[in-house]
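Novice: A single structure is presented below for examination.
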Amino acid sequence: MRMASTTLKRTIAGVFACAALAASAGAEAQSQGKLSDKSVNTLMEYAWQILPSKFTTPDGKVIEVDKSKRDGNIVPMENGRDIIRIGYSSAQAQVCELWEDQQSNYDALMRREVRKKKWTDQQLLYITTLHRMTIHAIAGKLKVEEKEGELKVILEPIKPGEVKCSDEQKGKIREAIQANVAQDAAAAKEAAAAEGKAPPPAAATPATAPKKK
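So the sequence shown is numbered by our numbering: it starts at 199 and just counts up by one.
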């Protein structure tokens, strides 16, 4: 058994560089510095490895995943790239203990994906898993082992308070998350208009003080 550390470190370094660019630059700069296809595919593969074959939702719905049919249960790479980008902001929020901002970011992501009405329950579960796995990767709490040619991905606990974030850092994280929430609100308004419905109420602005876990 050996640790698949080199690929993982390079991949996460790419996520850091591109997400930092996305948080501080415009659309043109983001497109020039986007995460490489190889890095996206690597992270998506890690998410596939930890995707459960059976999952029960809080409301009791059981979702079963046929792990022999990868392509039919994940999402296209460009969607995966966007989920990883949003997961980066969620990771930063968690590290800085901005719990409500993190939840707002995740909720905006899932509302947008559900509204597309194109994903199966299995694919929505994969989206959730990719987002969660990205958080652990960025926080340095993702371990990948290779045994007999097979990958084993382990998500380690993220302990609050390990990193001290400045007010400036927290402000930038909130800006990135608020941009994602605003994008979701705009998309919801467009979808409602297309269906001739009243637009949904705007999501609440994340609180300035994070909740403690």
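Idealized CB from N, CA, C, for every residue including glycine.
#1: Tell me which same chain residues have a C-beta within less than 6 Å of the C-beta of residue 332, skipping the five on either side of it?
#2: Three-state secondary structure (DSSP) at residue 315?
#3: Around the Cβ of residue 270, are there at least 16 other Cβ atoms within 10 angstroms (buried) or fewer (exposed)?
#4: Counting only the same chain and skipping the five closest in sequence on each side, list residues whose C-beta sits under 8 Å from that of residue 440.
#5: Does the segment 236 to 244 come into contact with the segment 305 to 314, if we say contact requires no fewer than three beta-carbon pairs (one atom in each stretch) closer than 8 Å?
#6: Please identify the residue among 325, 324, 329, 274 whose C-alpha is closest to the C-alpha of residue 292.
#7: Please report how far the alpha carbon of residue 337 lies from the alpha carbon of residue 393, in whole angstroms.
#8: Name the DSSP beta bridge partners of residue 353, please?
#9: In this structure, how does DSSP classify residue 327 when only helix, strand and coil are distinguished?
#10: Taking the alpha helix (DSSP H) that residue 254 belongs to, which residues open and close that run?
#11: Does DSSP put residue 273 in a helix, a strand or coil?
Specialist: Taking the structure as given:
#1: 282, 285
#2: coil
#3: exposed
#4: Absent from the model: residue 440. The displayed extent of the chain is 199 to 411, so no value can be given.
#5: no
#6: Nearest option by C-alpha distance: 329.
#7: Taking the straight line joining both Cα atoms gives about 40 Å.
#8: 340
#9: helix
#10: Bounds of any alpha helix (DSSP H) do not take in residue 254; it lies within the beta strand (DSSP E) bounded by 252 to 254.
#11: coil
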